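Visitor:
2 protein chains.
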Amino acid sequence: MRQAHTREQLWAVLRSWRRAGLSTALVPTMGNLHEGHLALVAAAREQADRVITSIYVNPAQFGEGEDFDRYPRTLETDQRQLEEAACDLLFTPTDQTMYPGGLGDSTRVKAAPSLANILEGANRPGHFDGVVTVVARLFNLVTPDVAVFGEKDYQQLLVIRRLVLDLGYAVRIAAVATVRGPAGLALSSRNRYLDDEQKTAAHQLNVVLQEAASQVADAPTHLPEVERAAQAKLEQAGLRVDYVAVRRARDLAKPSADDPDLRVLAAVWSGATRLIDNRACRPY
Amino acid sequence: MRQAHTREQLWAVLRSWRRAGLSTALVPTMGNLHEGHLALVAAAREQADRVITSIYVNPAQFGEGEDFDRYPRTLETDQRQLEEAACDLLFTPTDQTMYPGGLGDSTRVKAAPSLANILEGANRPGHFDGVVTVVARLFNLVTPDVAVFGEKDYQQLLVIRRLVLDLGYAVRIAAVATVRGPAGLALSSRNRYLDDEQKTAAHQLNVVLQEAASQVADAPTHLPEVERAAQAKLEQAGLRVDYVAVRRARDLAKPSADDPDLRVLAAVWSGATRLIDNRACRPY
Chain R
0 MRQAHTREQL WAVLRSWRRA GLSTALVPTM GNLHEGHLAL VAAAREQADR
50 VITSIYVNPA QFGEGEDFDR YPRTLETDQR QLEEAACDLL FTPTDQTMYP
100 GGLGDSTRVK AAPSLANILE GANRPGHFDG VVTVVARLFN LVTPDVAVFG
150 EKDYQQLLVI RRLVLDLGYA VRIAAVATVR GPAGLALSSR NRYLDDEQKT
200 AAHQLNVVLQ EAASQVADAP THLPEVERAA QAKLEQAGLR VDYVAVRRAR
250 DLAKPSADDP DLRVLAAVWS GATRLIDNRA CRPY
Chain W
0 MRQAHTREQL WAVLRSWRRA GLSTALVPTM GNLHEGHLAL VAAAREQADR
50 VITSIYVNPA QFGEGEDFDR YPRTLETDQR QLEEAACDLL FTPTDQTMYP
100 GGLGDSTRVK AAPSLANILE GANRPGHFDG VVTVVARLFN LVTPDVAVFG
150 EKDYQQLLVI RRLVLDLGYA VRIAAVATVR GPAGLALSSR NRYLDDEQKT
200 AAHQLNVVLQ EAASQVADAP THLPEVERAA QAKLEQAGLR VDYVAVRRAR
250 DLAKPSADDP DLRVLAAVWS GATRLIDNRA CRPY
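So the sequences go chain by chain: R and W.
Following numbering that gives the first Met the number 0, the numbering of the first sequence begins with 0 at its first residue and continues without gaps.
Following numbering that gives the first Met the number 0, the numbering of the second sequence begins with 0 at its first residue and continues without gaps.
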């Protein structure tokens, strides 16, 4: 596996691949890789001749008081895992490589408001602007044919599809299903913050969402009821609920009666750890 | 000269050029071409194997009450001039091609505030955000090796250099000196709005800026005095002044005593027509 920190190192590798006519797939990550990330790398392998994984803990997508400082950084383990997953190039840019003009006063990308200001965006103001800014920059630096994102961050996936549509990137977005632990908990770097009791509570997030998704699939007209019941169950499990919502899968708008493709999404706190998950509304 | 309206038509041409190993230069315009634009095309010819000129009157960079509706659209004459200038491809996107998700709720680019909120930006709120959004989209669609901009829109040139730096575009920005009419008036599509009397007044814009530039070159420490004198002379000529300012050439910050490279910039109204111009501060 090759490695690049600067734009020049990155471009040297990319040039050689381009000359050889090889296609590329990008897997943007913040590191602390788990099986969920490795599923993205595996999907990338199927989509292109060469796989580039980026690791960058992007300050622009963390809010005041969020966990930027304590976000786990485990580069050595990450490298080993990526070698094993047959990743071709690891791009670990410095802050200077990503924000050469500084972050304070710079050109930024603003995500489409209807998507960016609801659910996660309503709870984490500016978060998706930080995401699309770093992803746009990664697209410009790497110019991949494909970029791979996980359905775990479902709203982010839609925000990025809109980035590609609106700004005209020639990048295909591939989505990969959420990878879950034995008890169904979606894998997340933040799970490591949980103690045993908090983890037990966290397991209910998937259970409740799966149940809600089944109910919606059975009787899609009673959405507010489904949402209220799900919220009550999450709270009973000891979780604090930021939101639990059934939305139209393609744009997260509030569904009308005849929308066939729905998704239930939630964000909860288990102790001091914020967790998100989502499920397609079909019988499980 | 080939022509493309849609992304697919554009990409078909670009693919064939790329396969042939040909480099490309983009000249983004809003049409109604004059000698100033043709100088950009000529510069583009020197910079790359193939020249693409885009013509798109971008609604996102016009404010409320500005001249979007009456902005001159002269496609047939433009085409003829571009043929003569040996432009290889004319890209005339539709609104649907440029803003497929609509303009109201879409991913946008926001220009770096320190550059975008002063001078032109202070007088035309949101203008540079509209500019960088459309230019980012053009860069993504065309992926040129070089893009050519005129020094007439000096602040825009700097805003676009920041776009390239901050978002990491692999595009070289080439700047071309302002083309002027016989009396020194900078060529602009908006000059056609002027009647004879207004045009006579407008001629003073260049005269006063050139004089101010010379004064600064001779005695760079008396900048506020130079600005005040220039403003008075413009007003005497019957022009209404939005601003006249001597700034650091590289970032338009207020100069300190030892900044060697200065630029004087102004925006004035002659009747109902807004005109801008600028000059490097050296003896003329």
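A virtual CB, placed ideally from N, CA and C, is assigned to each residue, including glycine.
Bear in mind that the values here come from a model prediction, so they are computed numbers and not experimental data.
#1: Run through the stretch 47-116 of chain R for me and flag every whole alpha helix (DSSP H) of 4 or more residues, listed as ranges in chain order.
#2: Since valine 134(W) is in the beta strand (DSSP E), which residue starts that stretch and which ends it?
#3: Please state the DSSP three-state secondary structure of arginine 123(R).
#4: Which full runs of the beta strand (DSSP E) of 3+ residues lie inside the stretch 163-198 of chain W, going along the chain?
#5: With a cut-off of 8 Å on the beta carbons, I'd call aspartate 104(R) and proline 112(W) a contact; round off their distance for me.
#6: So glycine 100(R) contacts chain B; which residues on that side make the cut at Cβ distance below 8 Å?
#7: If you run the structure through DSSP and keep just helix, strand and coil, what is leucine 9(W)?
#8: Would valine 108(R) and asparagine 57(R) be called neighbours here (beta carbons separated by less than 8 Å)?
#9: Excluding five sequence neighbours on each side, which residues of the same chain lie with their C-beta closer than 7 Å to the C-beta of valine 225(W)?
#10: Under the assumption that alanine 229(W) contacts valine 243(W) (Cβ atoms under 8 Å), give the Cβ distance between them as a whole number of angstroms.
#11: Which residues in the same chain as leucine 74(W) place their Cβ atom closer than 8 Å to its Cβ, once the five residues preceding and following it in sequence are excluded?
#12: Are valine 263(R) and leucine 274(R) close, meaning C-beta to C-beta below 8 Å?
#13: If we ignore side chains and look at the alpha-carbon of each, how far apart do glycine 20(W) and arginine 1(W) end up?
#14: What three-state label does DSSP hand proline 27(W) in the structure shown?
#15: Are the CB atoms of alanine 47(W) and threonine 23(W) nearer to each other than 8 Å?
#16: Just checking my contact of valine 141(W) with leucine 162(W) at CB under 8 Å: how many whole Å lie between their CB atoms?
#17: Is the Cβ of leucine 140(R) closer than 8 Å to any Cβ of chain W?
#18: Per DSSP, what kind of secondary structure is alanine 244(W) in: helix, strand or coil?
#19: Distance, Cα to Cα, alanine 146(R) vs aspartate 258(R)?
#20: For arginine 136(W), is the classification buried or exposed, using 16 other Cβ atoms within 10 angstroms of its Cβ as the cut-off for buried?
#21: With a Cβ-Cβ cutoff of 8 Å, do threonine 106(W) and threonine 5(W) count as a contact?
#22: Report, in whole angstroms, the separation of the C-beta atoms of serine 269(R) and leucine 193(R), which I expect to be a contact under 8 Å.
#23: What is the rounded straight-line gap between the Cα of threonine 93(W) and the Cα of alanine 3(W)?
#24: Taking DSSP as the reference, what is the three-state secondary structure of arginine 281(W)?
#25: Please report how far the alpha carbon of threonine 177(R) lies from the alpha carbon of leucine 156(R), in whole angstroms.
#26: Pop quiz: glutamine 170(R) and glycine 149(R) are said to be a contact at Cβ under 8 Å. What is the actual Cβ separation, rounded to whole angstroms?
#27: Taking the beta strand (DSSP E) that alanine 146(W) falls in, what are its first and last residues?
#28: Measure from the C-beta of tyrosine 153(W) to each C-beta in chain R and report whether the shortest distance is under 8 Å.
#29: Taking leucine 330(W) and isoleucine 51(W) to be in contact with their CB atoms under 8 Å, please state how far apart those CB atoms are, rounded to whole angstroms.
#30: Within 10 Å of its beta-carbon, does valine 253(W) have 16 or more other beta-carbons around it, so buried, or fewer, so exposed?
#31: Just mark glutamine 235(R) as buried or exposed, buried being the case when its beta carbon has 16 or more other beta carbons within 10 Å.
#32: Grouping DSSP H, G and I as helix and E and B as strand, with all else coil, what is serine 274(R)?
#33: For the alpha helix (DSSP H) containing leucine 233(W), list its first residue and its last residue.
#34: According to a CB-to-CB cut-off of less than 8 Å, which residues of the stretch 164-196 of chain R neighbour chain W?
#35: Can you name the residues of chain W whose CB is closer than 8 Å to the CB of arginine 239(R)?
#36: How is serine 255(R) classed by DSSP in three states: helix, strand or coil?
Guide: In short, the structure shows the following:
#1: The alpha helix (DSSP H) runs of length 4 or more contained entirely in the stretch 47-116 of chain R are, from start to end of the chain, 74-83, 94-97 and 112-115.
#2: Counted from its first residue, the second sequence places residue 134(W) at position 135. It is not in any beta strand (DSSP E) - valine 134(W) instead sits in the alpha helix (DSSP H) that spans 126-141.
#3: The count along the first sequence starts at 1 and reaches residue 123(R) at position 124. Assignment of arginine 123(R) by DSSP, reduced to helix, strand and coil, places it in the coil class.
#4: Listed in chain order, they are 171-175.
#5: On the first sequence, position 105 is the one that residue 104(R) refers to. On the second sequence, position 113 is the one that residue 112(W) refers to. About 6 Å; that satisfies the 8 Å criterion.
#6: No chain B is present in this structure, whose protein chains are R and W.
#7: Stepping through the second sequence from its first residue, residue 9(W) is reached at position 10. Residue state, collapsed to three classes: helix.
#8: As a first step, residue 108(R) must be located in the first sequence, where it is residue number 109. As a first step, residue 57(R) must be located in the first sequence, where it is residue number 58. In this structure, asparagine 57(R) does not lie closer than 8 Å to valine 108(R) by Cβ.
#9: Along the second sequence, one-based indexing puts residue 225(W) at 226. The residues are Ala211, Gln214, Val215 and Val245.
#10: One-based indexing of the second sequence puts residue 229(W) at position 230. One-based indexing of the second sequence puts residue 243(W) at position 244. Their Cβ separation, rounded to whole angstroms, is 5 Å, which keeps alanine 229(W) and valine 243(W) in contact under 8 Å.
#11: Here the question's residue 74(W) lines up with position 75 in the second sequence. The residues are Gly30, Ile54 and Thr91.
#12: Translated into positions along the first sequence, residue 263(R) becomes position 264. Translated into positions along the first sequence, residue 274(R) becomes position 275. No.
#13: The residue labelled residue 20(W) in the question sits at position 21 within the second sequence. The residue labelled residue 1(W) in the question sits at position 2 within the second sequence. Cα to Cα, the separation comes out at about 18 Å.
#14: Numbered from 1 along the second sequence, position 28 holds the residue referred to as residue 27(W). Three-state result, proline 27(W): strand.
#15: Translated into the one-based positions of the second sequence, residue 47(W) becomes position 48. Translated into the one-based positions of the second sequence, residue 23(W) becomes position 24. Going by C-beta atoms, alanine 47(W) is nearer than 8 Å to threonine 23(W).
#16: Walking along the second sequence from the start, residue 141(W) turns up at place 142. Walking along the second sequence from the start, residue 162(W) turns up at place 163. Rounded to whole angstroms, the Cβ separation of valine 141(W) and leucine 162(W) is 14 Å, and the two are not in contact under 8 Å.
#17: Counting from one through the first sequence, the residue named residue 140(R) turns up at place 141. Residue contact check for leucine 140(R) against chain W: a CB pair falls below 8 Å.
#18: On the second sequence, position 245 is the one that residue 244(W) refers to. Judged by DSSP in its simplified three-state form, alanine 244(W) adopts strand.
#19: Counting from one through the first sequence, the residue named residue 146(R) turns up at place 147. Counting from one through the first sequence, the residue named residue 258(R) turns up at place 259. C-alpha of alanine 146(R) to C-alpha of aspartate 258(R): approximately 28 Å in a straight line.
#20: By 1-based counting over the second sequence, the position of residue 136(W) is 137. Taking all protein chains shown into account, arginine 136(W) has 16 or more neighbouring C-beta atoms within 10 Å of its C-beta and is therefore buried.
#21: Counted from its first residue, the second sequence places residue 106(W) at position 107. Counted from its first residue, the second sequence places residue 5(W) at position 6. Cβ atoms of threonine 106(W) and threonine 5(W): not closer than 8 Å.
#22: Counting from 1 along the first sequence, the entry for residue 269(R) is found at position 270. Counting from 1 along the first sequence, the entry for residue 193(R) is found at position 194. Yes, they are in contact, since the Cβ atoms of serine 269(R) and leucine 193(R) sit about 6 Å apart, within 8 Å.
#23: In the second sequence, the residue the question calls residue 93(W) occupies position 94. In the second sequence, the residue the question calls residue 3(W) occupies position 4. A straight line joining the alpha-carbon of threonine 93(W) with that of alanine 3(W) spans about 10 Å.
#24: Residue 281(W) sits at position 282 when you count from the first residue of the second sequence. In this structure, arginine 281(W) counts as coil in the three-state DSSP scheme.
#25: For the purposes of this step, residue 177(R) is taken as the residue at position 178 of the first sequence. For the purposes of this step, residue 156(R) is taken as the residue at position 157 of the first sequence. Cα-Cα distance, rounded: 12 Å.
#26: Taking the first residue of the first sequence as 1, we reach residue 170(R) at position 171. Taking the first residue of the first sequence as 1, we reach residue 149(R) at position 150. Correcting the residue identity first, residue 170(R) is valine in this sequence and not glutamine. With a beta-carbon spacing of about 16 Å, valine 170(R) and glycine 149(R) fall beyond the 8 Å limit used to define contacts.
#27: Taking the first residue of the second sequence as position 1, residue 146(W) is located at position 147. Its beta strand (DSSP E) spans residues 145-149.
#28: Translated into the one-based positions of the second sequence, residue 153(W) becomes position 154. No, tyrosine 153(W) lies away from the interface with chain R (no Cβ there is under 8 Å from its Cβ).
#29: Given a span of 0 to 283 for chain W in the structure shown, any question on residue 330(W) remains unanswerable.
#30: On the second sequence, residue 253(W) is found 254 positions in, with the first residue counted as 1. It is lysine, not valine, that sits at residue 253(W) in the sequence shown. Label assigned to lysine 253(W): exposed.
#31: Translated into positions along the first sequence, residue 235(R) becomes position 236. Its Cβ having fewer than 16 others within 10 Å, glutamine 235(R) is exposed.
#32: Taking the first residue of the first sequence as 1, we reach residue 274(R) at position 275. Reading the sequence as shown, one finds leucine at residue 274(R) and not serine. Shown here, leucine 274(R) sits in a strand according to DSSP, grouped into three states.
#33: Within the second sequence, numbered from 1, the residue matching residue 233(W) stands at position 234. Leucine 233(W) -> alpha helix (DSSP H) spans 222-235.
#34: Per Cβ criterion, the list reads Leu164, Asp165, Leu166, Gly167, Tyr168 and Ala169.
#35: To locate residue 239(R), count along the first sequence from 1; it is residue 240. Per Cβ cutoff of 8 Å: no residues; arginine 239(R) is ~31 Å from chain W at best.
#36: What you label residue 255(R) is simply residue 256 of the first sequence in a count that begins at 1. Three-state result, serine 255(R): coil.
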